[in-house]
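**Student:**
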Amino acid sequence: MDSTNESFTISSQETFLANNQNSRSNNNLKTILLASLILFILIASSILILSSISKNKQSKKPDPYESGSSHYYCHLTKYHKLCYDSMSSIINTTVLKLGPGPIFSTSLQVAINQLHNVSISITKSTSSSSSFNNSLVGLRIFDCRAWVNDSLRRLNQSLSIFGVDSNIDAWTYEEMDNTRAWSLIAKDNAYKCYLALEDVMVDGEEEGVEEVKLGVEKARKCIYG
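Its first residue numbered 1, the sequence shown is counted upward by one per residue in UniProt numbering.
(1) With a CB to CB cut of under 6 Å and the five nearest residues on each side skipped, what residues in its chain are close to Val216?
(2) Between which two residues does the alpha helix (DSSP H) holding Ser183 run?
(3) DSSP state of Ser151, grouped into three classes?
(4) What separation, rounded to the nearest whole angstrom, lies between the Cα atoms of Glu210 and Ile161?
(5) Please say whether Arg154 and Ala196 have beta carbons closer to each other than 8 Å?
(6) Hey, how far is the Cα of Leu159 from the Cα of Val212?
(7) State buried or exposed for Arg180, treating a residue as buried only when at least 16 other CB atoms are found within 10 Å of its CB.
(8) Given a threshold of 16 other Cβ atoms within 10 Å of its Cβ, counted over all protein chains shown, does Leu108 qualify as buried or as exposed?
(9) Going by alpha carbons, who is nearest to Cys144 out of Asn156, Thr123 and Asn178?
(10) Would DSSP call Ser127 helix, strand or coil?
(11) Beta carbon of Val148, beta carbon of Leu115: below 8 Å?
(12) Let me know if Leu184 comes out buried or exposed under the rule of 16 or more other beta-carbons within 10 Å of its beta-carbon.
(13) Measuring alpha carbon to alpha carbon, tell me which of Thr126, Ala111 and Lys81 ends up nearest Ala219.
(14) On the premise that Ala170 lies in contact with Ile223, defined as a C-beta separation below 8 Å, what is that separation, rounded to the nearest angstrom?
(15) Please name the residue, chosen from Asp188, Gln157 and Thr126, that lies closest to Phe142 on a Cα-to-Cα basis.
(16) Within a Cβ cutoff of 6 Å, which residues of the same chain sit near Met176, ignoring the five residues on either side of it in sequence?
(17) Helix, strand or coil for Ser135, going by three-state DSSP, please let me know.
(18) Just the C-alpha distance for Leu152 and Asn178, rounded to the nearest angstrom, thanks.
(19) Rounded to the nearest angstrom, what separates Gln157 and Trp182 at their Cα positions?
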């Protein structure tokens with residue numbers, strides 16, 4: 001009887017130990033699985049975060065104003081491409097942050113430069129031949145010269161006012177009205193020149209007439225844009 005009890009006790013202990021070991025193994029396995037799952041989640045989250053940051057850096061476009069891009073102000077004009085092509089080679093884009101003053105003075109200078117080019121083209125046209133000067137186109141070219149010179153004078157007046165005080169906010173109402181009026185007259189003069197040459201026939205001997213037409217139209221757009 002004692003022998004039987006002893007065997008039962010030993011068997012029970014062995015069963016308990018075996019169950020205990022199995023329980024520990026299961027707990028260890030669960031711990032490993034849980035730790036692995038947490039590690040996987042952390043790694044996956046890190047990859048997603050890094051990917052998101054990388055995409056944001058690649059897709060984020062610089063603010064056109066902060067970067068001083070000429071696209072910032074040219075897209076506000078009527079003739080976007082002409083504005084960009086004309087001003088991008090002249091303007092120091094970093095001055096955009098200083099306010100509208102530098103942009104305004106540069107746009108005036110671009111228009112003045114364009115009208116100077118027209119004036120040169122007119123001089124070439126009038127010196128081509130004596131018969132040209134007595135023709136209908138020649139007479140209208142002379143009219144254009146007067147209009148272009150008047151436009152140059154008025155735009156230079158506007159630029160001189162700007163040179164006195166580069167802070168547009170400090171301008172008087174009279175200065176602002178004068179500048180606006182001079183710019184409108186300069187634009188109208190350029191357009192009158194274009195229309196005067198638009199309805200006349202131009203033959204091969206009248207060199208530079210088309211150049212004048214294109215020049216005054218471009219100048220008008222520079223002023224108007």
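Ideal Cβ positions, reconstructed from N, Cα and C, are used throughout, including at glycine. Note that the coordinates shown come from a computational prediction; the quantities given were computed from them, not determined experimentally.
**Tutor:** Per the coordinate set shown:
(1) For Val216, where only same-chain residues beyond five positions count, the Cβ hits under 6 Å are Val118, Ala190, Cys193 and Tyr194.
(2) Tyr173 to Glu198
(3) Reduced to three states, the DSSP call for Ser151 is helix.
(4) 34 Å
(5) Cβ distance not < 8 Å, so Ala196 and Arg154 don't count as in contact.
(6) 24 Å
(7) exposed
(8) buried
(9) Thr123
(10) coil
(11) yes
(12) exposed
(13) Ala111
(14) So it is not a contact: roughly 23 Å between Cβ atoms.
(15) Thr126
(16) none
(17) coil
(18) 15 Å
(19) Each residue's alpha carbon lies about 8 Å from the other.
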